[in-house]
Amino acid sequence: MPTPANDPTPHADRLAGRTVVVTGAARGVGRAIAEECARQRARLVLCDVLEDLGRETAAAIGKSGVQVRFAPVDLAEPQSITAFAASVAQEEGCIHGLVNNAAIATLVGGAAFEDIDLGLWDRVMTVNVRGTPPV
Ligand SMILES: NC(=O)c1ccc[n+]([C@@H]2O[C@H](COP(=O)([O-])OP(=O)(O)OC[C@H]3O[C@@H](n4cnc5c(N)ncnc54)[C@H](O)[C@@H]3O)[C@@H](O)[C@H]2O)c1
1 MPTPANDPTP
11 HADRLAGRTV
21 VVTGAARGVG
31 RAIAEECARQ
41 RARLVLCDVL
51 EDLGRETAAA
61 IGKSGVQVRF
71 APVDLAEPQS
81 ITAFAASVAQ
91 EEGCIHGLVN
101 NAAIATLVGG
111 AAFEDIDLGL
121 WDRVMTVNVR
131 GTPPV
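Numbering (my numbering), first residue to last: 1 to 135.
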């Protein structure tokens, strides 16, 4: 079994024929991961709570010729996750990779503990802790 270091497959084709789901793909790290997967020719399913930006990102990545679709998903809403999973099962059938990247990250990381109010604490726990395993 080749490792990434000795895999003879050309780098650009390593994900050809594979389907990868990236959560939180509208921007930031998730978008960068999606762009790299597209460079490696993966078929992509992107999701995010930011619907307009997510659709823009998917459209931009789709210009490279890979198959990509966007689905709005709110990790704070269990039924939203369930509906997304059902749509992937129906449309993609199976997936080969899941990048569980979505989280409340911006303006949270690095904040002093005493500066995090209870409302923000609850939102972070709801999305980052409760929201990611069901995906
Ligand atoms: N940027 C860093 O230096 C860094 C360092 C360590 C870990 N990370 C991790 O990388 C991941 C991405 O971080 P980032 O820096 O790109 O932050 P970001 O805020 O730019 O991206 C996070 C994405 O998650 C989405 N998201 C937030 N809440 C959501 C919800 N309820 N449902 C669906 N999507 C939701 C946002 O809309 C956004 O597109 C996070 O898991 C973060 O913890 C980032």
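Cβ atoms here follow ideal geometry from the backbone N, Cα and C, with glycine treated the same way.
Give the secondary structure of residue i by DSSP, where H, G and I count as helix, E and B as strand, and everything else as coil.
i    : result
R41  : coil
L107 : coil
G97  : strand
T126 : helix
D117 : coil
R31  : helix
A16  : coil
According to DSSP, what are the bridge partners of residue i?
i   : result
V22 : L46, V99
Using the Cβ count rule (16 or more neighbours within 10 Å means buried), how would you classify residue i?
i    : result
D48  : buried
R130 : exposed
C94  : exposed
G54  : buried
V61  : According to the sequence shown, residue 61 is Ile rather than Val. I61 comes out buried.
| task | Any chance you could list the alpha helix (DSSP H) runs of at least 4 consecutive residues sitting entirely within the region 35-93, in chain order? | result | Here the runs fully enclosed are 51-62, 78-91.
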